Amino acid sequence: MNPKEIGKRALEYDKHSGCSQSVLLALQEAYGIGDHTSFKAATTLSGGVARRGETCGALLGGLLALGLVKGRDDITDTQAYRDAMAPANQLVDEFKARLQHEFGFKKPLESTICRDIQQHIYGRGFDLNKPEDYKAFLDAGGHGDQGCPKVCAVAATVTAEKIQTFLR
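The sequence shown begins at 290 in the numbering used here and counts up one residue at a time.
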């Protein structure tokens, strides 16, 4: 499966909520990585970590998948830990650049904070734990193809591109 198809799958999955799981599941299915337990563990990372608007859950799902491929197996293997950081940082940088391009943000995206990304997409950030803000998020197209599901598509696509460099 090519990276764009993986991204499309993540976009569709996010229409059910759960950006981190949407990205992780699309990548798990494409590459046979992780298992149901790792998918389940990603539940609480969505919406910027427990819907708090912190680090983007879609990016976290991608980083989890990258960790499944490139992460260390032994806590004492410090070199493997260090070796995983370079592709992780490359993934974060490419995610930000690709969001900038795909959404055509006028101002540079300087962080991977969920609320900052929301500000760029919707003109404001949302507290997804507050019912009135969650409704406003949905009303703004939060789970539409041009909203957070598109962020998931970008995260899954750039992660797939990175993972493929290790599988060649």
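Beta carbons are placed, not taken as given, at the ideal position from N, Cα and C, and that holds for glycine. Treat the numbers as computed from the prediction; the structure is a model and nothing was measured.
Beta-carbon gap between residue i and residue j smaller than 8 Å
i, j, result
"leucine 380", "threonine 448", "yes"
"lysine 297", "alanine 442", "yes"
"leucine 352", "alanine 377", "yes"
"leucine 388", "valine 338", "no"
"cysteine 403", "glycine 346", "yes"
Identity of the residues DSSP links to residue i by a beta bridge
i, result
"threonine 344", "Ile402"
C-alpha gap between residue i and residue j, whole angstroms
i, j, result
"lysine 419", "glutamate 383", "31 Å"
"proline 397", "glutamine 435", "19 Å"
"leucine 373", "leucine 348", "A small correction: the amino acid at residue 373 is alanine; leucine does not occupy that position in the sequence shown. Using only the alpha carbons, I get a separation of about 16 Å."
"leucine 357", "aspartate 416", "30 Å"
"arginine 340", "leucine 334", "8 Å"
"alanine 319", "glycine 336", "23 Å"
"glycine 342", "glycine 414", "8 Å"
Q. Using 8 Å as the Cβ pair cut-off and three pairs as the minimum, do the segment 367-379 and the segment 310-326 touch?
A. no
Q: Would you list, in sequence order, the uninterrupted alpha helix (DSSP H) runs of no fewer than 4 residues that lie entirely inside the segment 372-418?
A: 403-411
Q: Note down, one range per segment and in chain order, each alpha helix (DSSP H) of at least 4 residues found wholly within the segment 418-452.
A: 420-428
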